[in-house]
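Here the structure is laid out as structure tokens; the discussion comes afterwards.
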Amino acid sequence: QKEVEQNSGPLSVPEGAIASLNCTYSDRGSQSFFWYRQYSGKSPELIMFIYSNGDKEDGRFTAQLNKASQYVSLLIRDSQPSDSATYLCAVNHDYKLSFGAGTTVTVRA
Amino acid sequence: DAGVIQSPRHEVTEMGQEVTLRCKPISGHDYLFWYRQTMMRGLELLIYFNNNVPIDDSGMPEDRFSAKMPNASFSTLKIQPSEPRDSAVYFCASSLRGQKITDTQYFGPGTRLTVL
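In the order they appear, the protein sequences are chains A and B.
Counting with this note's numbering, you get residues 1 to 109 for the letters of the first sequence.
Counting with this note's numbering, you get residues 110 to 225 for the letters of the second sequence.
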């Protein structure tokens, strides 16, 4: 079992819709959780992090964390073509990040 | 502000040759990470340093790989001898230790390595 699992996609959504990305992790000792966005041929860039159960909103992005279920999600509201990218879920344990394989999102204009 | 700087951006070499990748972290950051990204294995942590000292190298695939950080502004990842299966994008990232569990790692642009 991989440490961090994500739906590989691709996930295709129309412009203006909500994109929902899911991530599960195996290490119950994980302390914090990150969502990175990676455009093709570019480096990962941080979108947001979360470490407490519940929701955290930042602009059009909402991260949700449920530690009991070992589940993290990212919602992208009002999706734009510029959101088309691969989204990487990363889990922090003792300062080491473990990354999922990523979910590729395509926003259709 | 300058971000993480990596060189070269692209490297093409032949099997058996030595390859050296370079990284300059963000000024003031005390953690430096080396990652490798491939389609098959995704993004993997190879090694990380704290205050120039290697802390965890458990991700280094084999003895052909070595990494150094002689000072706070420079790190190298060396592969000797290189093999075709080493072809990947190698990223360097740095962070500043603060609250620890939410410290953000900032990635460099990466070095795309092709071993023929």
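In this text, a Cβ means the ideal position worked out from N, Cα and C, and glycines have one as well.
Quick one, are the C-beta atoms of residue 15 (chain A) and residue 77 (chain A) less than 8 angstroms apart?
-> Locating residue 15 (chain A) in the first sequence gives position 15, where the first residue counts as 1. Locating residue 77 (chain A) in the first sequence gives position 77, where the first residue counts as 1. Not closer than 8 angstroms, so no.
In the DSSP assignment, find the unbroken beta strand (DSSP E) run with residue 28 (chain A) in it and report its ends.
-> Taking the first sequence and counting its residues from 1, the one referred to as residue 28 (chain A) is at position 28. Neither: residue 28 (chain A) is in no beta strand (DSSP E) and is coded neither H nor E.
Residues that residue 147 (chain A) contacts on chain B, provided the C-beta gap is smaller than 8 angstroms | Only positions 1 to 109 of chain A appear in the structure, and residue 147 (chain A) is not among them; the question remains open.
Taking residue 144 (chain B) as part of the beta strand (DSSP E), name the residues at either end of that continuous run.
-> Taking the first residue of the second sequence as 1, we reach residue 144 (chain B) at position 35. From DSSP, the beta strand (DSSP E) with residue 144 (chain B) extends over 140 to 147.
Using DSSP with H/G/I as helix, E/B as strand and the rest coil, what is residue 69 (chain A)?
-> Start at 1 with the first residue of the first sequence, and residue 69 (chain A) comes out as number 69. Under the three-state reduction of DSSP, residue 69 (chain A) is assigned to coil, being neither helix nor strand.
Could you list which residues in chain D have their beta carbon closer than 9 angstroms to that of residue 102 (chain A), in chain order?
-> Reference to chain D is not applicable here, since the protein chains of this structure are A and B.
Tell me, please, which residues DSSP counts as bridged to residue 163 (chain B).
-> Within the second sequence, residue 163 (chain B) is the residue found at index 54, counting from 1. Paired residues: B:158.
Compute the Euclidean distance between the alpha carbons of residue 157 (chain B) and residue 127 (chain B), then round it to the nearest angstrom.
-> Position 48 of the second sequence, counted from the first residue, corresponds to residue 157 (chain B). Position 18 of the second sequence, counted from the first residue, corresponds to residue 127 (chain B). Rounded to the nearest angstrom, the two C-alpha atoms are 21 angstroms apart.
Between the beta-carbon of residue 151 (chain B) and the beta-carbon of residue 99 (chain A), is there less than 8 angstroms?
-> Within the second sequence, residue 151 (chain B) is the residue found at index 42, counting from 1. Within the first sequence, residue 99 (chain A) is the residue found at index 99, counting from 1. Yes. Within cutoff.
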